[in-house]
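A.B. asks: Dropping the structure in here first, questions after.
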Amino acid sequence: MGSDRHYREERPQREVYVPEFTIDVHEVTNRQFAEFVRQTGYITTAEKIPLAVDNPGIPAQFLVAGSAVFVSPADGKAGHWTDWWQFVPGTSWKNPEGPGSDIAGRENHPVVHVSYLDAKAYAQWAGRSLPVEAQWERAAKALGDSLAANTWQGVFPLQNRSLDGFAGTAPVGCFAANDLGIHDMIGNVWEWVDDPYSEAGPAAQERVRTGSAAKAIKRVVKGGSYLCASNYCRRDRPQARQSQEENFGSAHIGFRTVSQLPVD
Numbered sequence: 681m682g683s684d685r686h687y688r689e690e691r692p693q694r695e696v697y698v699p700e701f702t703i704d705v706h707e708v709t710n711r712q713f714a715e716f717v718r719q720t721g722y723i724t725t726a727e728k729i730p731l732a733v734d735n736p737g738i739p740a741q742f743l744v745a746g747s748a749v750f751v752s753p754a755d756g757k758a759g760h761w762t763d764w765w766q767f768v769p770g771t772s773w774k775n776p777e778g779p780g781s782d783i784a785g786r787e788n789h790p791v792v793h794v795s796y797l798d799a800k801a802y803a804q805w806a807g808r809s810l811p812v813e814a815q816w817e818r819a820a821k822a823l824g825d826s827l828a829a830n831t832w833q834g835v836f837p838l839q840n841r842s843l844d845g846f847a848g849t850a851p852v853g854c855f856a857a858n859d860l861g862i863h864d865m866i867g868n869v870w871e872w873v874d875d876p877y878s879e880a881g882p883a884a885q886e887r888v889r890t891g892s893a894a895k896a897i898k899r900v901v902k903g904g905s906y907l908c909a910s911n912y913c914r915r916d917r918p919q920a921r922q923s924q925e926e927n928f929g930s931a932h933i934g935f936r937t938v939s940q941l942p943v944d
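Next comes the structure, spelled out in structure tokens:
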């Protein structure tokens, strides 16, 4: 697990014992999430107005419901990541590009604009759980002879040639499965895992997990997304990892669930 060859936060490469488990063969879809919402009345983080007490120093006019949407820079300049991510009020899992958009025709795409808290709630409703990072990485490493993934084709963030037919998310399962029969572990959308994130490395992360995990602000996301490009980031690998605030959602973060197998 992990890597000594790439980004610092992936180190060290190490052996980890992972008991047997089952994992969803694809990311949770809009259709599946819609059924969860229909049965429970659940309201996602992106649909709620942020509380001032949780956001000290933020002017009230900026405390609105919404989520982060990717927009290619119109001026043809790569700039900074803040130039291609925009917070759009009214954006949510069912309005993924903001007011006026919907998921019609995308029922089989991975649900996005869901926070870790939303993903956790879905998993509990489904009688499952979010994978821990070791489970996720184990499932992702059965890549076979070639990598089939929905990633960026072209010069990020200016030109996406969409050679695979998808400029954004792709329907789950339309790329070849890995050697375990699992689809889209790499690319399409980043996926929440249950681990709290520590910039100090895996050892410190393990202390957080076994101690004050309930107070963790950041969680690990894995797998890269349709925005991963060779000229910008090389995180479309099983070992790659990033952190996100657990109440954050965006156009390229989703999740899948796991279940621990009983011990004989």
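Numbering of the sequence shown is given in my numbering, commencing with residue 681 and proceeding in unit increments. All residues carry an ideal CB built from backbone N, CA and C; glycine is no exception.
#1: Per the DSSP calculation, A820 is bridged to which residue(s)?
#2: If you reduce the DSSP assignment to three classes, tell me which class E871 lands in.
#3: To the nearest angstrom, report how far apart L941 and A822 are at their CA atoms.
#4: Hey, how far is the Cα of D874 from the Cα of L838?
#5: On a Cα-Cα basis, can you pick out the residue from V791, T771, E700, A850 that is closest to V812?
#6: Specify, as a first and last residue, the run of the beta strand (DSSP E) that K898 falls within.
#7: Helix, strand or coil, according to DSSP, for W805 in the structure here?
#8: Tell me the rounded alpha-carbon separation between V708 and I729.
#9: Ends of the alpha helix (DSSP H) at F701?
#10: Counting only runs that start and end within the region 760-814, where is the beta strand (DSSP E) found for 3 or more residues in a row?
#11: Can you tell me where the beta strand (DSSP E) with F940 in it begins and where it stops?
#12: Quick one: what does DSSP say T720 is sitting in, helix, strand or coil?
#13: Do the CB positions of G934 and E871 come within less than 8 angstroms of each other?
#14: Count the other CB atoms within 10 Å of the CB of E886; is the residue buried (16 or more) or exposed (fewer)?
#15: Under the three-state reduction of DSSP, which class applies to A695: helix, strand or coil?
C.D. replies: Straight from the coordinates:
#1: Its beta-bridge partners do not exist; DSSP assigns none.
#2: strand
#3: 19 angstroms
#4: 33 angstroms
#5: E700
#6: 898-902
#7: helix
#8: 25 angstroms
#9: No alpha helix (DSSP H) holds F701; the beta strand (DSSP E) holding it covers 701-703.
#10: 765-769
#11: Reading off the sequence, residue 940 comes out as Gln, not Phe. Counting along the chain, the beta strand (DSSP E) containing Q940 begins and ends at 938-940.
#12: helix
#13: yes
#14: Model confidence at E886 stands at a pLDDT of 48, short of 50, so the residue's coordinates are unreliable; what they give is reported in the following sentence. With fewer than 16 Cβ atoms within 10 Å of its Cβ, E886 is classed as exposed.
#15: The sequence shown places Glu at residue 695, not Ala. Three-state DSSP puts E695 in coil, outside helix and strand.
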